[in-house]
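In the numbering used here, the protein residues as written are 553 to 789. Glycine included, C-beta positions come from ideal geometry on N, C-alpha and C. Note that the structure is predicted; figures quoted are calculated from it, not measured. Accompanying notes for the structure given below.
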């Protein structure tokens with residue numbers, strides 16, 4: 553619990569890691585929050601291994617199955633996550649986050665219609681950026697820019713950056729990411745799992761934003777290792 557507070561409230565990633573290290577490895581495996589910490593710090597292979605050990609101890613526990621699937625999906629291993637999620641939904645068909653994560657995997661592999669069919673609710677722009685609908689993403693960007701102009705606030709800076717990144721607009725994505733890092737650093741807790749940013753991760757300006765919000769050098773390196781030239785909103789991809 554203290555490790556989670558250090559991350560979400562204080563942005564103290566190093567301190568959170570030290571808290572987890574004080575718990576024996578066997579006990580850590582039984583706490584889903586540890587896999588979450590590994591995912592957020594970009595240590596996806598470790599998160600998967602930890603989740604597999606936890607699942608072996610409780611093979612039918614829905615939270616354990618979902619933990620493994622999420623570790624795979626956030627680590628960009630979408631095709632591996634799919635059968636895990638299908639297994640979960642076979643026994644727990646109404647599991648909200650199971651359906652949500654399966655939709656993510658389908659969306660990330662270009663199957664937008666299938667993603668919409670399993671999505672557990674009416675999607676909005678922050679959910680996979682409206683499931684492949686470029687026109688709706690562009691409309692959402694326009695609405696957010698109008699909100700910024702009318703209110704003078706930068707609360708939507710992270711979302712603007714993420715939307716621009718999905719669209720492939722490097723300069724605007726980095727511009728708003730810098731604003732978010734200065735004004736709303738707590739929005740960055742999910743930066744490593746956010747695949748929209750992958751084509752920007754090797755950019756020095758992107759890495760500077762991560763350092764500005766307290767990412768350790770290990771986390772910055774893990775982020776850089778996720779670099780991928782693919783632009784998720786590119787219709788040709």
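Backbone secondary structure at residue i - three-state DSSP
i	result
residue 695	helix
residue 619	helix
residue 648	helix
residue 602	helix
residue 611	coil
residue 635	helix
residue 566	helix
residue 627	coil
residue 671	coil
residue 653	helix
residue 555	helix
residue 577	helix
Residue-chain proximity (residue i, chain C), Cβ-Cβ < 9 Å
i	result
residue 619	The structure shown contains no chain C; it is built from a single protein chain.
For residue i, the nearest candidate out of the options (CA to CA)
i	options	result
residue 554	760, 632 and 589	589
residue 640	628, 619, 626 and 690	619
residue 624	600, 768, 655 and 702	600
residue 766	742, 781 and 783	742
residue 561	778, 740 and 570	740
residue 632	615, 597 and 645	597
residue 615	628, 591 and 583	583
residue 709	721, 720, 696 and 664	696
residue 738	750, 747, 753 and 707	707
residue 671	751, 585, 701 and 655	655
residue 764	611, 731 and 748	731
residue 714	745, 571 and 704	745
residue 689	563, 781, 711 and 722	711
residue 674	719, 652 and 579	652
residue 612	575, 643, 665 and 736	643
| request: Would you be able to state if there are at least three C-beta pairs under 8 Å between the stretch 722-740 and the stretch 603-616? | output: Short answer: they don't touch.
| request: At 4 residues or longer, and completely inside the stretch 701-776: list those alpha helix (DSSP H) runs for me, N to C. | output: The qualifying runs are 709-719, 722-735 and 756-764.
| message | For the structure I just gave you, are there three or more beta carbon pairs, one from the stretch 743-755 and one from the stretch 771-789, closer than 8 Å? | response | The answer is yes - the stretch 771-789 touches the stretch 743-755, with three or more Cβ pairs under 8 Å.
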